[in-house]
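So the sequence shown is numbered by numbering that gives the first Met the number 0: it starts at 0 and just counts up by one.
All residues carry an ideal CB built from backbone N, CA and C; glycine is no exception.
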Amino acid sequence: MEMDQEKTTPDGKLPASRCCDFCEERRLEHVYTPVRSARGMEVYLCDRCGLVQSISTAVYPSRPMGSMSSDADRSSYRYTKDVISARYEAFFSQPADFSRVERVLDVGSNRGAFIQYMQDRWPGRSITAVEPDASVTGAYADLPNVDLKACRFEHAILPENFFDFSYCAHTLEHSASARGMLLGIRRALKLGGTLFLAVPNLVFHADVIEEVFIDPHTFHFKHALLRDFATSMGFDVAAAGGPKDADVVLLLRKNSAGGSKRTFCPADAKLPDAVRREIVDYRRTLVANRAALKHVVARIHEAAAVRKVVIWGGGRIFDALVRYGGLEPACLYRVVDKYLYRYEDRLHGLKLESPDALKAEDPGSILVYIASRDYADEIQAEAGRMGLSQFMKYGQESVPSPIWGTNQKEDR
Ligand SMILES: [Zn+2]
Numbered sequence: 000m001e002m003d004q005e006k007t008t009p010d011g012k013l014p015a016s017r018c019c020d021f022c023e024e025r026r027l028e029h030v031y032t033p034v035r036s037a038r039g040m041e042v043y044l045c046d047r048c049g050l051v052q053s054i055s056t057a058v059y060p061s062r063p064m065g066s067m068s069s070d071a072d073r074s075s076y077r078y079t080k081d082v083i084s085a086r087y088e089a090f091f092s093q094p095a096d097f098s099r100v101e102r103v104l105d106v107g108s109n110r111g112a113f114i115q116y117m118q119d120r121w122p123g124r125s126i127t128a129v130e131p132d133a134s135v136t137g138a139y140a141d142l143p144n145v146d147l148k149a150c151r152f153e154h155a156i157l158p159e160n161f162f163d164f165s166y167c168a169h170t171l172e173h174s175a176s177a178r179g180m181l182l183g184i185r186r187a188l189k190l191g192g193t194l195f196l197a198v199p200n201l202v203f204h205a206d207v208i209e210e211v212f213i214d215p216h217t218f219h220f221k222h223a224l225l226r227d228f229a230t231s232m233g234f235d236v237a238a239a240g241g242p243k244d245a246d247v248v249l250l251l252r253k254n255s256a257g258g259s260k261r262t263f264c265p266a267d268a269k270l271p272d273a274v275r276r277e278i279v280d281y282r283r284t285l286v287a288n289r290a291a292l293k294h295v296v297a298r299i300h301e302a303a304a305v306r307k308v309v310i311w312g313g314g315r316i317f318d319a320l321v322r323y324g325g326l327e328p329a330c331l332y333r334v335v336d337k338y339l340y341r342y343e344d345r346l347h348g349l350k351l352e353s354p355d356a357l358k359a360e361d362p363g364s365i366l367v368y369i370a371s372r373d374y375a376d377e378i379q380a381e382a383g384r385m386g387l388s389q390f391m392k393y394g395q396e397s398v399p400s401p402i403w404g405t406n407q408k409e410d411r
């Protein structure tokens with residue numbers, strides 16, 4: 000079992016070697032201790048550039064079992080990349096011009112969603128895939144046009160100035176060094192080559208109940224900072240998502256700027272103070288929102304007394320409702336989730352099912368509780384196609400309206 004550990008203390012006494020990954024200065028300030036971290040994570044802010052990093056203080060297994068915990072010990076089932084998000088595809092497919100792309104570098108190829116996309120749309124392209132977890136690469140490891148490097152990115156030997164396009168989605172935030180990974184990808188790309196980069200955006204929601212600083216993430220990027228950093232490292236920004244989107248999404252082009260030693264000059268000198276304040280607020284908000292969950296759960300229990308309540312979304316919000324809100328799982332009729340049921344049979348003692356299980360039900364008898372923030376609209380649309388029309392949405396339970404038995408939409 001691989002182990003990874005670094006000794007440090009919450010009071011800011013870091014090992015002498017420890018610098019900000021972006022600006023390489025020893026100006027890390029301890030700002031937060033995540034709730035129930037299994038890795039003993041401590042969160043540090045660079046007071047020069049505003050980068051937020053988690054540093055482990057405990058021995059931990061590098062690939063723990065999947066967990067939908069609402070706390071820091073959440074770990075991946077590694078299914079989030081089963082499919083290429085339509086939002087991503089719309090973003091990269093047109094400007095990347097795959098008709099002229101011959102060689103592709105897939106960093107963190109996981110279960111092969113992007114490789115599958117390429118096989119379907121642009122078959123025969125030469126793909127180099129980097130994925131350290133050999134247990135998930137079976138679908139593509141032996142394809143003739145795929146060269147799989149089954150190792151961590153920093154150990155992969157890649158040709159220089161070689162690739163036309165690189166795909167790196169939800170990988171950079173897990174890296175040992177984001178600087179090292181970005182520069183490694185840049186080195187492997189041809190001049191003018193394109194990198195599609197997506198990571199979670201460090202945004203704090205007013206209704207947060209899930210620990211943001213989860214164990215698998217060593218970096219927590221804000222849109223503007225990652226964009227500035229990529230620019231400093233010798234990329235042009237060809238396209239960018241919105242600064243408040245759930246993900247930071249960037250389409251980057253390798254340019255010829257700069258020498259081999261690249262230094263990062265942060266553009267926004269006020270960012271570190273702003274991030275520090277946000278994290279102080281977040282800590283208070285998380286505690287307060289978790290305490291208030293008992294009111295949400297009272298509404299669910301009330302509904303469950305007269306209707307069949309189905310939870311749609313087996314993720315972290317559901318876990319928080321049970322763990323912090325006191326939701327009684329036995330009062331629920333079913334729990335469904337579009338993806339998670341493939342990996343987990345039971346959650347909090349209940350059978351976890353595909354949403355297809357609802358097709359046989361009388362839609363009028365069901366009230367769907369949407370336990371999702373980012374996918375709430377998608378879930379409601381999908382449930383609507385099954386004829387379901389009674390919804391409660393996480394974060395909107397206190398809407399003072401006769402939700403029960405009406406078709407009232409909550410997207411006001
Ligand atoms: Zn820094």
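| Item | Value |
| --- | --- |
| Answer with buried or exposed for Y393, where buried requires no fewer than 16 other C-beta atoms within 10 angstroms of its C-beta. | buried |
| So is P33 buried or exposed if we call it buried at 16+ other beta carbons inside 10 Å? | buried |
| Find the nearest neighbour of R110 within the set Q93, F90, S92, Y76, judged by alpha-carbon distance. | Y76 |
| Run through DSSP, which three-state label would Q52 get? | strand |
| Here's the rule: buried if 16 or more other CB atoms are within 10 angstroms of the residue's CB, otherwise exposed. What is L190? | exposed |
| Tell me which residue opens and which closes the beta strand (DSSP E) that V279 is part of. | Run containing V279: none in the beta strand (DSSP E); it sits in the alpha helix (DSSP H), 270 to 305. |
| Does the Cβ-Cβ distance between T193 and A237 come in under 8 Å? | yes |
| Name the DSSP beta bridge partners of L250, please? | F195, A238 |
| Is L320 near V295, with beta carbons less than 8 Å apart? | yes |
| W121 bridges to which residues according to DSSP? | DSSP, once it has assigned bridges, lists no residue as partnering W121. |
| Taking C-alpha atoms, which residue in R315, W311, G324 lies nearest to H300? | G324 |
| DSSP on H219, reduced to helix/strand/coil? | strand |
| Look at the alpha carbon of L351 and the alpha carbon of M67, and state the distance between them as a whole number of angstroms. | 13 Å |
| Figure out for me which residue from V207, P265, A290, G240 has the closest Cα to the Cα of Y281. | V207 |
| For the structure I just gave you, are there three or more beta carbon pairs, one from the segment 254 to 273 and one from the segment 351 to 361, closer than 8 Å? | no |
| According to the neighbour-count rule (16 or more other Cβ atoms, all chains shown, within 10 Å of its Cβ), is H154 buried or exposed? | exposed |
| List the residues that DSSP assigns as beta-bridge partners of K148. | V129 |
| Less than 8 Å between the beta carbons of D105 and R62, yes or no? | no |
| What is the rounded straight-line gap between the Cα of A223 and the Cα of P242? | 7 Å |
| To the nearest whole angstrom, what separates the beta carbons of S165 and L181, a pair I think is in contact under 8 Å? | Between L181 and S165 the Cβ distance is about 10 Å, and since that is not below 8 Å, they are no contact. |
| Using CA coordinates, which residue listed in A205, R186, A89, F218 is at the minimum distance from P199? | F218 |
| State the start and end residues of the unbroken alpha helix (DSSP H) segment that holds S92. | 85 to 95 |
| Are there any heavy atoms of ligand 1 lying less than 7 Å away from the beta-carbon of E28, as far as the coordinates show? | no |
| If you run the structure through DSSP and keep just helix, strand and coil, what is K337? | coil |
| Leaving out five residues before and five after H216 in sequence, what residues of the same chain have Cβ atoms less than 8 Å from its Cβ? | S53, E172, H173, P199 |
| Determine the direct distance from the alpha carbon of A37 to that of F70, and round the result to whole angstroms. | The identity of residue 70 in the sequence shown is Asp, whereas the question assumes Phe. Answer to the nearest angstrom: the Cα atoms are 10 Å apart. |
| Quick one: what does DSSP say M180 is sitting in, helix, strand or coil? | helix |
| According to DSSP, is D263 part of a helix, a strand, or is it coil? | For the record, residue 263 in the displayed sequence is Phe; it is not Asp. F263 falls in the coil class under three-state DSSP. |
| Looking only at C-alpha atoms, which of S74, F263, C48 sits nearest to Y59? | S74 |
| What span of residues does the beta strand (DSSP E) with E153 cover, start to end? | Segment: none, E153 is in no beta strand (DSSP E) and carries neither H nor E. |
| Which residues in the same chain have their Cβ closer than 7 Å to the Cβ of Y31, if we skip the five residues on either side of it in sequence? | V42, F212, I278, R282 |
| For the putative contact between N254 and F234, defined by C-beta atoms under 8 Å, what is the C-beta separation to the nearest angstrom? | 7 Å |
| Can you check whether the CB of I369 is closer than 8 Å to the CB of L387? | no |
| Anything with a beta carbon under 6 Å from a heavy atom of ligand 1 counts; list them all in chain order. | C19, F21, C22, E24, C45, R47, C48, L50 |
| For Y338 and S108, what's the separation of their Cα atoms in angstroms? | 19 Å |
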